[in-house]
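Residue numbers (my numbering): 60 to 386. Positions of the beta carbon are idealized from the N, C-alpha and C atoms, including for glycine. Written below as C-alpha cells is the structure these notes are about.
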C-alpha cells in the first residue's frame, strides 16, 4: 500500500478544523466546553491551528470513569472537547476513508454503514443461505487495554509517510497504555489492529464465512475438525501481534446452540434477540421508561416481533408517543 504524504497541512487547515468542530459537536451542543467554543469558534480554531502549525499540540490529561457494559466493567478515558476531540475528528476527516478502505467487507463496528444492522444482515445471509453446521467464536482477552504501542505505531507507518502526521499520531498513541476506550480515533485503530488477522483469514485460510465485530470473531463451516485447525491458525496470528484469546472460545452447532453475535442469536431458519437485551427491554417497559423503550425499536423491528413489541406499544400509546407504534 502506498503511504501518503502532505497530510499534516490538511489536518491543520482551517477548512478541516471547521468541519472537525462541526462533527465533534454533534449531540454535544449542551456541553459547557462546546458552548464556550461556540461563542467565538473562529478564534478558538485559529488558536488550534497555530498550536498544530508550531508543533505545540500535546494530548491533554484524560478524565477516567468506569462504565458497566454487557456485564463488564470498562475503564473509559475521556479527553477535553478542545483541543483533543476536534483534532481527532480532523485526523479522521483526512485519513478515515483510507483506513476504512483497507478493511475487509465483513468487519463491523464504528464504521459508516457497518454497525449491528449490517452485521445482522450479512450473518443472516450466510446462516440462512448455506446453513453451516457449526460456528467457531473467539474474542481477544482485554482487547483495547492490551494492544501494544508498537502494533499501533506500525499501523501508522504503514499508511503515513508525513513526519509531522506520524509525530501527531504517535503523541496520541503514547498518551496512555494500550488503546483507550473513549477516544474517537480508538475505534478505527482497534479495527486496524486486527485487520491483518482478517486478511490472513480471507486470503490464506480462504474462509468464506468469516465475520468480525470489534474483537469478536465468528467463522462458519460444516467441518468441526477443520474449525479446530482454523482456531489454532487464527490464535497464532493474534499472538503475533502481542494479544491473547480468551479461554472461553466456542465451537458449537448453529441449530442446536444458536450463534450469539451482535445482539442476536442466529439459527438456520430464525433469529432471536439476545436474552440480556430482551430482559433490559422488558424492564424498561415495566418501568415505563419511554426513551429507553424507543431506543430498543431498532433491535426489535428487524425481527418483526409483534409479540415482543405489543406491551411497549400499549405504554407508548398511553403516554401519547407518536410515530413509534407500528411494527
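Skipping 5 residues on each side, what residues in its chain have a beta carbon closer than 8 Å to that of residue 140? Apart from sequence neighbours up to five positions away, the residues of its chain that approach residue 140 with a beta-carbon distance below 8 Å are 83, 84, 87, 90, 92, 93 and 96, ordered along the chain.
Entirely enclosed beta strand (DSSP E) segments - the region 190-224, minimum 3 residues: For the region 190-224, the full-length beta strand (DSSP E) segments reaching 3 residues or more read 193-198 along the chain.
Pop quiz: residue 235 and residue 80 are said to be a contact at Cβ under 8 Å. What is the actual Cβ separation, rounded to whole angstroms? Between residue 235 and residue 80 the beta-carbon gap is near 24 Å, outside 8 Å, which marks them as no contact.
Taking Cβ to Cβ, would you say residue 166 is nearer than 8 Å to residue 271? The answer is yes: Cβ separation under 8 Å.
Start and end of the beta strand (DSSP E) containing residue 83? Following the DSSP letters along the chain, one finds residue 83 in no beta strand (DSSP E) but inside the alpha helix (DSSP H) bounded by residues 73-83.
Run through DSSP, which three-state label would residue 166 get? Strand, per DSSP.
Please return the same chain residues whose Cβ sits closer than 8 Å to the Cβ of residue 108, not counting the five positions on each side in sequence. The answer, listed in chain order, is 71, 72, 73 and 76.
With contact counted as at least three CB pairs below 8 Å, one residue from each stretch, are the region 239-248 and the region 158-178 in contact? Contact between the region 239-248 and the region 158-178 is present, because at least three Cβ pairs lie under 8 Å.
Buried/exposed call for residue 232, threshold 16 Cβ in 10 Å: By the neighbour-count rule (16 or more Cβ atoms within 10 Å), residue 232 is buried.
Could you tell me the boundaries of the alpha helix (DSSP H) in which residue 124 lies? Looking at the DSSP string, residue 124 is not in any alpha helix (DSSP H); the run it does join, the beta strand (DSSP E), is 122-128.
Compute the Euclidean distance between the alpha carbons of residue 211 and residue 223, then round it to the nearest angstrom. Roughly 16 Å separates the two Cα atoms.
Quick one: using the 10 Å Cβ neighbour count with 16 as the cut-off for buried, is residue 295 buried or exposed? Within 10 angstroms of the beta-carbon of residue 295 lie fewer than 16 other beta-carbons, which makes it exposed.
Taking the beta strand (DSSP E) that residue 275 falls in, what are its first and last residues? Element bounds for residue 275: 275-280.
Three or more beta-carbon pairs under 8 Å between the region 176-191 and the region 252-260, yes or no? Too few Cβ pairs lie closer than 8 Å, so no.
Going along the chain, which residues of its own chain have a beta-carbon closer than 7 Å to the beta-carbon of residue 64, five neighbours each way excluded? If we look at residue 64 and ignore the five residues flanking it on each side, its Cβ neighbours are 220 and 221.
Given that a residue counts as buried once 16 or more other Cβ atoms are within 10 Å of its Cβ, and exposed if not, what is residue 442? The question about residue 442 has no answer here: the residues shown for the chain are numbered 60 through 386.
For residue 358 and residue 336, I'd like the C-alpha separation in whole angstroms. If you take the alpha carbons of residue 358 and residue 336, they lie about 9 Å apart.
Give the range of the beta strand (DSSP E) segment to which residue 62 is assigned. Element bounds for residue 62: n/a, residue is neither H nor E.
What first and last residue would you give for the alpha helix (DSSP H) that runs through residue 340? Unbroken alpha helix (DSSP H) run through residue 340: 334-346.
Can you tell me whether residue 387 is buried or exposed, with buried defined as 16 or more other CB within 10 angstroms of its CB? Residue 387 falls outside the range modelled here, since the chain spans only 60 to 386, and no answer is possible.
Can you tell me where the beta strand (DSSP E) holding residue 113 begins and where it ends? For residue 113, there is no enclosing beta strand (DSSP E), since its DSSP letter is neither H nor E.
Thinking just about the alpha-carbon of each residue, which of 269, 138, 345 and 286 is nearest to the one in residue 123? Proximity to residue 123 across 269, 138, 345 and 286 peaks at 138, based on C-alpha coordinates.
Give the range of the alpha helix (DSSP H) segment to which residue 96 is assigned. Taken as a continuous stretch (DSSP letters only), the alpha helix (DSSP H) holding residue 96 covers 91-97.
Bridge-paired residues (DSSP) for residue 132: Residue 132 is bridged to 127.
By a C-beta neighbour count over all protein chains shown, 10 Å radius and 16 as the cutoff for buried, is residue 117 buried or exposed? Counting every other CB atom within 10 Å of its CB across the protein chains shown gives residue 117 a total below 16, marking it as exposed.
Could you please give the first and the last residue of the uninterrupted beta strand (DSSP E) stretch that includes residue 319? Start and end: 318-320.
Mapping DSSP to helix, strand and coil, what is residue 302? Of the three classes helix, strand and coil, the one that applies to residue 302 here is coil, per DSSP.
Below 6 Å CB to CB, which residues in the same chain sit around residue 228 once its five sequence neighbours on both sides are set aside? These residues qualify, in order along the chain: 215.
Bounding residues of the beta strand (DSSP E) (the contiguous stretch that carries residue 311): Bounds of the beta strand (DSSP E) holding residue 311 are 309-312.
Out of 103, 346, 204 and 330, which one is the CA nearest neighbour of residue 184? Of the candidates 103, 346, 204 and 330, the one whose C-alpha sits nearest the C-alpha of residue 184 is 330.
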